[in-house]
Amino acid sequence: MTQLDLSPAFVRLARHMRERIVGGEWMPGQLLPGEEALAKELKVSVGTVRKAFDVLSGQGLVVRQRGRGTFVARATNERAFTSFYRLVDRRDDMRRLPVDTILLRERAAAREDERAALHLEAGDLVYRLRRLRSLGETPLVLESIAFPYARVGGKEWGSDDAPAHLVYSFLEQQCGVSVSRVEDRLQACALPEDVAVDFGLPSGQPVLLSIRVAFDLQGAPVEFRRSWASTQTHDYLSELRWIGANEDA
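Have a look at this one:
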């Protein structure tokens, strides 16, 4: 016996529209059909389409722009920074774009923790990076980042002269990988000696360790990141939003 889907119509519609985005029918940055056109195509009310857009907006899949329409979200540099960069200045709660120093780029066999996070097999390759993020002369974050080599291939991240290199813009714009969500696990720890050398901070100094896994629209892990952050002047800010919140701009 087929199980009936008793979800509200707008929830079912949002699920259908998400599948079209995930399936590549609607691409990042694309203007979606208007509410009336979609209502006619899908034989639902305009109100149902509007509520479905609200759900997708709350999930970060679409961006609604007053007077222009609704677009599939894309990882512009600004959006990638404001959505995923969590450190704010304790004095004024502002996020400031750090200056990046790329310390390492390599293609190598995945380590055990990378294989577990990225669902890789023994011997699979990753594209691994290490970068130092600073504000002025102050080192703020040291990061070790790994991508499945199969998803990145020969693309080079951080190879231009930009002051900051944003991971999710790189994945989308150069690799065709759209990140839909991240999971961060936070730990207080003492700065390891091997990390302290590149960080320019004393070994053993208390820092915040963030362990992040990022997922694409299909739910596959595409990034494993460890970030050691100095919190002497900055806080890690986590903001929660209700699903369905309207993000009209």
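For the sequence shown, UniProt numbering gives the first residue as 1, with consecutive numbering after it.
All C-beta atoms in this analysis are idealised placements derived from N, C-alpha and C, irrespective of residue type, glycine included.
Residue i, DSSP secondary structure in three states
i    : result
G47  : helix
V195 : helix
S169 : helix
L97  : coil
S178 : coil
D54  : helix
E183 : strand
V91  : Note on residue identity: the sequence assigns Arg, not Val, to residue 91. Coil.
E41  : helix
A122 : coil
L13  : helix
A190 : strand
A214 : strand
N246 : Low local confidence applies: a pLDDT of 43 at N246 is under 50, so the model's placement there is unreliable, and no value is given.
Y236 : strand
Distance between beta carbons of residue j and residue i, contact taken as under 8 angstroms
i    : j    : result
L31  : G69  : 5 angstroms
V182 : R212 : 6 angstroms
P148 : G200 : Incorrect: roughly 30 angstroms between the Cβ atoms, too far for contact.
S134 : P98  : 6 angstroms
A39  : V55  : That pair is no contact at about 16 angstroms.
Q205 : A190 : 7 angstroms
L129 : G153 : Going by Cβ atoms, the distance from L129 to G153 rounds to 15 angstroms, so no, they are not a contact pair.
G123 : A109 : 6 angstroms
R131 : E143 : 5 angstroms
S210 : A196 : About 17 angstroms; that fails the 8 angstroms criterion.
Per-residue burial, residue i [other beta carbons within 10 Å of its own, 16 or more giving buried]
i           : result
R18         : buried
S238        : exposed
L87         : buried
I102        : exposed
H234        : buried
V62         : buried
N246        : Because N246 carries a pLDDT of 43, less than 50, the predicted location of this residue cannot be relied on, and the following value inherits that uncertainty. Exposed, by the Cβ-count rule.
K51         : buried
V207        : buried
R90         : exposed
P202        : exposed
residue 267 : No answer is possible for residue 267: the residues shown for the chain start at 1 and end at 249.
S7          : exposed
V141        : buried
R225        : buried
Top-ranked residue by Cα proximity to residue i, from the options
i    : options                   : result
V44  : T233, A14, E25 and L129   : A14
L217 : K40, L38, V46 and Q59     : Q59
S227 : Q187, A37, V197 and L42   : Q187
I21  : R50, A73 and H119         : A73
E172 : S210, T138 and A214       : A214
V167 : R90, L38, T233 and E223   : E223
K155 : D194, A39, R107 and S230  : R107
P28  : Y236, E143, Q205 and V179 : V179
D184 : G24, G47, Y85 and T48     : Y85
S57  : G47, V46, H119 and F71    : F71
R12  : G24, L42, P33 and D92     : L42
Identified DSSP bridge partners for residue i
i    : result
E143 : R131 and S227
E106 : R128
Q65  : G69
P148 : V126
V207 : C189
T138 : L135
P221 : F215
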